[in-house]
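One structure is given here, and the rest of the page talks about it.
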Amino acid sequence: MLFIWTAMNQKSLPTILPALGFLLLLWNTPGFSQDTLPVPPVQPGLSGVLLAQAVDVRREESGGLTIHRRDEQGDVQRTAPTRFQPIVPPLEQTRDGGRMLEAGWDAFGLGAHDQALAFFEEAAGLFPPGNQRNEAALGRAYALTALERHDQAVSVLEGLLQAGYRPNEVRAALFRALMQADQLERAEAVLAGLDDEHQQDLRRQEIQRLRFEQDLSAALQARQTQPLQDFLDTHRAWLDQCREPYAFFQASQALREQGARGTAREVARKLLSCPLQGREQGLFVPLLQRVITGLPFDQAQREIARQRKQMQGRDAALAELARLELELFQRRIADLSPDDPEYARLAEQILRLAPDDDALRLIMAWNCFETRDDTCAEELFRDVHRRTPANVSALEGLVALLERQGRTDEAISLAEGAPSSELFLPVLTRLYRAEAARFFSAEDHPRTLHWLDRHAAIAPDDADDPELLALRSWALFHSDRHEQALDVFATRLARGGPEAPEEEDALMGMVASLQALGRGQEAIPLLEARREQLTAELRNVLGTLYCTLGNEEFTAGSLDQAVVYLRHCVDLTPDIGAVQLLGWSLYQLGDPQGAHDHFLEAFAQQPDQETAEAVLTNARELDNRTAFWTLLEEMAGHVSPHVRTAAADAYATEELPILAAQTHPESGRGTCYANCDSPWLDTGVQYRGVTGDRGLSRLNELSFPVQYHSPAAHGGKWSLRVTPRLLNTDKAPQDAYMGSFYSFLDQDRQRQSPLDQVWVVAPEVVYQREGRHRFEAMLGATSLGGPIHALPIFHLGLGQENDWSLELRQGSVSDSLLSSIGQKDPYSQATWGRVVHSGLKTRKTFDLTTSYWLAAEAEYDYYWGENVAENHSVAGNLSLGRTDDLRGMALTSGLSLTAFHFQNNQNFHTFGHGGYFSPDHFVVAGPFVRLQSPRCKGYWFDLYASLGWMDYVSEEAPHYRKISGAAPETMNTAARNDFQGKYPKESKSALAAAMNLQAMKLITKNWSFGATAGINNASDHTQWQAGLLLQYLFEPREAFFSRGDF
């Protein structure tokens, strides 16, 4: 206890240390030292020890300082403001006790004890009784102690001790205050109140503190390197623990003064890594300066960047950092050349820190200009010009930059607004000329003339400049001032001789002006007179003139004169457009053979889609269709995808979508035949009804067709069709007149029930191939099911679209259930029916004029079936019509005559008859109309309707055919009469009408939905049908190509 008292009465050290701090402050003040950052005064003492023991100041992640007190009683946490120097809180915060308390601790930590005392006193007056008021009182006591107003501090601390606020911390602070006030007895009493552990800690700390302060004082007074080094070695642990930063900073300063800069820098670097707290934060700037001045440039930059992150929010510290950084950059850039890449980067940094340095800006601007970094140059020039508009260097640089960038309008505006425009007169002359050229290139000819006039006003000596005359002449020409242009062109031509380089251009201008004035033919003699001297280009001009006249005559419809001019054109210049135009002229004159050679020549010169389409379009009109198909097939295999595209379009025109898609380079993408070479699937439901007698000629058919189509190579397509059908003829009347009814009359019994409803299925396989000749082959069977076994059916067809066709066929007769699948004889065990027809059919179409056509058809069929009498038929049709375009739709209308004849009448349901309409002769004649939707749409429809006068005669026929073994003489009279009886002859004349509608709509790119409906009474019965179709496309399509043909 006596040792502590004796040490506390050593007045020399507390007196010397503040004085040393003051000297250090002067040393670091501009004018006293080469370093420029001020150092806060050093104030070591017991208050510092107390603060270090009682308060833990730690840096939070947010970058602020948080004060943590270690006593659990009344734990209060405050985040100290990040201001580098304590300031008075704003007016609106002066009545906030928490703000005042924070400001007090901040000021105290920075050594501003008078200001801290004022803040603590103000805060104490704003808080109600409690921990916050007690904390403000404790801060006031610390500040009073630091100001050596010990009696007042003792009074405050005793009051806090009586209030029970933080007893250990308050008791320790009171002990130190009493010691410094020389009240030893009271200090001993306070110390006795502490427990043994706290007493030992306090004694040990005071001994260490006194020894540390004595060693520091001795080392500083010695003013030699070795004592200072010994001090550092002795107290290295405290330095590593970042204790007493001010004391070690003093040692570092003394080492620096003695020339031990390396050791001083190491100490400063160590202190800079310490978490400086409170008043010790004032060391940050001088420490940083000591470290940076000895570091390489890159390391100094990194150190500044690191410290900037830690000092975010502390404006004063950041400002000092910025000043240090500026000095660092300025020292660095002084050693560099402006063309050094690092120079630009450093200049940007310096200008960021010192934005008013225009001299550096101009150096950088011209350097950027020379390195063609236009963005950098413009930004810097404009910045200087904005600050000092009279700066000639900035203005010259900006004008030169804008001119180089082609922004002549901006350059002119700046040059014209210069304080001394005469300095920029040569520049303006050049810029006006450049503006005229620019607007001429932009085809803004009125502005071209405007700038030429302005140029002439300031440079009259350039009036005869060939380039300016050329600009003026063509600008006048393109401004439709052709008379004036012609005069200037003539002037240019007169001033130059035949060898003058501008003669060719002037001659061209005269020709163009004459053409524009409608005097194009005057230009031909002008050129023809110089034909021998004409350059290749002027020969092309002469040829082009002939081409132009030919084109004009072609447009005017004077095809003969167009051909004359175009032949001259083709002779003078190998212009492919002229060759094609000559071909089209001959084509429209009705000479496709003469046009053919020219189209082929154009195609040979330039095989592309346009020339290929011209060749094919013309070849389609040749008398020799073989030549057309040969050309089309050659182009379909051409190496050029553009030519193959033209061939694909030609296939589409010939109604060959699969070949078109297969020929197109991208399967027809972008056309209405796109992906027509990919598979699709059809399914649906259809109903067909035939009027007639119940159980006999009446028929109701419900079918569910499923058909898969798979395109094959060379325009082929395989189709597999399976059609389940439900056939219903309704229940026949009791003892119906059918089969061998005569047996019923003779024996009065029924042996089996006739069929009235049955499920059947019809399979078919079809192969079709598109091309010059269309081919189709079908193999299938009549409906599987029913009382009679199925028969094969087939179809072979060959022909050319809209020209001719030939068919060989065998098919089922579907007028009734009897003709379709056969029937059971209810009066015997026999079956009969299932009729097929075998024969051939041919058709020929004749084109009469552009729209009219004539079509003729002829056919023969042989009819046969199980226990059915044979029959033969011949038929023919003659149609005359025309096809017109109706807003994209195809409208076909005309007259039709149809006639046919059967050898015998089998339109009955007794045994041996086939149950199908077979008159002796049938004739129907009348108008028809067909309307088809436009192509290449996401839908299609096909409507057909006809109306005519029908006349037919059915010859008489025996009741029964194909009866063997019957003995009429053994029958009763009724049976014999029926057996030998005949059906009477019938005839009918009436109106006949037929209508059929089909439609389909894409509902997605892969699915489409359709419907069909129709009715026809051109017979002895009426037939009507309806159906729905669902189609799945395996590859997406945007539109339909085909129309009709469900």
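As numbered in this note's numbering, residues 79 to 1124 make up the sequence shown, in order.
Each residue gets a CB set at the ideal place from its N, CA and C atoms; glycine is no exception.
This structure is a prediction, so every number in the text was calculated from the model and none was measured.
Distance, K919 Cα to V913 Cα: In the sequence shown, residue 913 corresponds to position 835, counting from 1. In the sequence shown, residue 919 corresponds to position 841, counting from 1. Approximately 19 Å, taken between the alpha carbons.
Do you know how far the Cα of H191 is from the Cα of A432? Counted from its first residue, the sequence shown places residue 432 at position 354. Counted from its first residue, the sequence shown places residue 191 at position 113. Cα-Cα distance, rounded: 36 Å.
Please state the DSSP three-state secondary structure of S718. Working through the sequence shown from its first residue, we reach residue 718 at position 640. Reduced to three states, the DSSP call for S718 is coil.
Excluding the 5 residues flanking V784 on each side, which residues of the same chain have their C-beta closer than 7 Å to its C-beta? Taking the first residue of the sequence shown as 1, we reach residue 784 at position 706. Excluding positions up to five away in sequence, the list reads T761 and V800.
Please classify R599 as buried or exposed, where buried requires at least 16 other C-beta atoms within 10 Å of its C-beta. Here the question's residue 599 lines up with position 521 in the sequence shown. Reading off the sequence, residue 599 comes out as Gln, not Arg. Exposed, because fewer than 16 other Cβ atoms sit within 10 Å of the Cβ of Q599.
Find the nearest neighbour of A346 within the set L365, E335, C352 and L361, judged by alpha-carbon distance. Position 268 of the sequence shown holds residue 346. When each option's Cα is compared against that of A346, the closest is L365.
Nonlocal neighbours in the same chain, by C-beta distance under 6 Å from L480, ignoring five residues either side: Start at 1 with the first residue of the sequence shown, and residue 480 comes out as number 402. Cβ within range, chain order: E488 and A489.
Using a Cβ distance threshold of 8 Å, determine whether the segment 518 to 527 contacts the segment 556 to 563, with at least three qualifying pairs required. yes
With a cut-off of 8 Å on the beta carbons, I'd call N949 and N982 a contact; round off their distance for me. Translated into positions along the sequence shown, residue 949 becomes position 871. Translated into positions along the sequence shown, residue 982 becomes position 904. About 6 Å; that satisfies the 8 Å criterion.
By how many angstroms is the C-alpha of N1084 removed from the C-alpha of F782? Position 704 of the sequence shown, counted from the start, is the residue given in the question as residue 782. Position 1006 of the sequence shown, counted from the start, is the residue given in the question as residue 1084. Distance between the alpha carbons of F782 and N1084: 21 Å.
Residue of A859, S821, L932 and D963 minimising C-alpha distance to I1041: In the sequence shown, counting from the first residue as 1, residue 1041 sits at position 963. Among A859, S821, L932 and D963, the Cα nearest to that of I1041 is on S821.
Using CA atoms only, rank isn't needed, just tell me which of L869, T909 and A868 is closest to Q830. Position 752 of the sequence shown, counting from 1, holds the residue named residue 830. With distances taken between Cα atoms, Q830 lies closest to T909.
From Q328 to T341, what does the alpha carbon distance come to, in whole angstroms? Position 250 of the sequence shown holds residue 328. Position 263 of the sequence shown holds residue 341. If you take the alpha carbons of Q328 and T341, they lie about 13 Å apart.
Between G628 and L694, what straight-line distance do the alpha-carbon atoms span, to the nearest angstrom? Within the sequence shown, residue 628 is the residue found at index 550, counting from 1. Within the sequence shown, residue 694 is the residue found at index 616, counting from 1. C-alpha separation (whole angstroms): 24 Å.
Indicate the three-state DSSP secondary structure (helix, strand or coil) for S781 in the structure shown. To locate residue 781, count along the sequence shown from 1; it is residue 703. Here S781 sits in strand by DSSP.
With H, G and I counted as helix, E and B as strand and the rest as coil, what does DSSP make of G187? Residue mapping note: residue 187 aligns to position 109 of the sequence shown, counting from 1. Correct three-state label for G187: helix.
When we look at the beta-carbon of A267 and count the other beta-carbons within 10 Å, is it buried (16 or more) or exposed? Within the sequence shown, the letter at position 189 stands for residue 267. Exposed, because fewer than 16 other Cβ atoms sit within 10 Å of the Cβ of A267.
Report the residue ranges of all beta strand (DSSP E) runs contained in full by the segment 1031 to 1085; include only those spanning at least 3 residues, in chain order. 1064 to 1080
Backbone secondary structure at D760 - three-state DSSP: Here the question's residue 760 lines up with position 682 in the sequence shown. Residue state, collapsed to three classes: strand.
Reducing DSSP to helix, strand and coil, say where N618 ends up. For the purposes of this step, residue 618 is identified with residue 540 of the sequence shown, where counting begins at 1. N618: helix per DSSP, three-state reduction.
Is the beta carbon of G992 closer than 8 Å to that of V891? Taking the first residue of the sequence shown as position 1, residue 891 is located at position 813. Taking the first residue of the sequence shown as position 1, residue 992 is located at position 914. Contact: yes.
On the CB-based measure, 16 or more other CB atoms within 10 Å of its CB, does K795 come out buried or exposed? Here residue 795 refers to the residue found at position 717 when the sequence shown is read from its first residue. The residue is buried, with at least 16 neighbouring Cβ atoms inside 10 Å.
Name the two residues that bound the continuous alpha helix (DSSP H) containing R423. Within the sequence shown, residue 423 is the residue found at index 345, counting from 1. Per DSSP, R423 belongs to the alpha helix (DSSP H) from P419 to L431.
What's the gap between the Cα of V470 and the Cα of I441? Working through the sequence shown from its first residue, we reach residue 470 at position 392. Working through the sequence shown from its first residue, we reach residue 441 at position 363. If you take the alpha carbons of V470 and I441, they lie about 14 Å apart.
Using a Cβ distance threshold of 8 Å, determine whether the segment 528 to 547 contacts the segment 507 to 517, with at least three qualifying pairs required. yes
Going straight from the alpha carbon of W183 to that of G217, what length do you get? Working through the sequence shown from its first residue, we reach residue 183 at position 105. Working through the sequence shown from its first residue, we reach residue 217 at position 139. About 7 Å.
For D963 and V1007, what's the separation of their Cα atoms in angstroms? Locating residue 963 in the sequence shown gives position 885, where the first residue counts as 1. Locating residue 1007 in the sequence shown gives position 929, where the first residue counts as 1. Distance between the alpha carbons of D963 and V1007: 13 Å.
Pairwise C-alpha distance: L1075 and H867: On the sequence shown, position 789 is the one that residue 867 refers to. On the sequence shown, position 997 is the one that residue 1075 refers to. If I take the Cα positions, the gap works out to 35 Å.
Is the beta carbon of L780 less than 8 Å from the beta carbon of Y765? Your numbering for residue 780 matches position 702 in the sequence shown. Your numbering for residue 765 matches position 687 in the sequence shown. Closer than 8 Å, so yes.
Whose CA, out of Q261, R368, D229 and A185, lies closest to the CA of L402? Along the sequence shown, read from residue 1 onward, the residue named residue 402 stands at position 324. Closest by C-alpha distance to L402, out of Q261, R368, D229 and A185, is R368.
Among the candidates F980, A383 and L404, whose CA atom is the shortest distance from the CA of S1032? Within the sequence shown, the letter at position 954 stands for residue 1032. The residue with the shortest Cα to Cα distance from S1032 is F980.
Are the segment 713 to 728 and the segment 682 to 691 touching, with three or more C-beta to C-beta distances below 8 Å? yes
Could you pull out every residue in the same chain whose Cβ sits closer than 7 Å to the Cβ of E944, ignoring the five residues on either side in sequence? Numbered from 1 along the sequence shown, position 866 holds the residue referred to as residue 944. If we look at E944 and ignore the five residues flanking it on each side, its Cβ neighbours are I866, G900, T909, W910, G911 and R912.
Suppose you measure from the CA of R289 to the CA of A315; what does that come to, to the nearest Å? Taking the sequence shown and counting its residues from 1, the one referred to as residue 289 is at position 211. Taking the sequence shown and counting its residues from 1, the one referred to as residue 315 is at position 237. Their Cα atoms are separated by approximately 14 Å.
Going along the chain, which residues of its own chain have a beta-carbon closer than 6 Å to the beta-carbon of A840, five neighbours each way excluded? Indexing the sequence shown from 1 puts residue 840 at position 762. The answer, listed in chain order, is T801 and S861.
If you draw a straight line from the alpha carbon of E1116 to that of L884, how long is it in whole angstroms? Here residue 1116 refers to the residue found at position 1038 when the sequence shown is read from its first residue. Here residue 884 refers to the residue found at position 806 when the sequence shown is read from its first residue. Straight-line Cα distance between these residues: approximately 35 Å.
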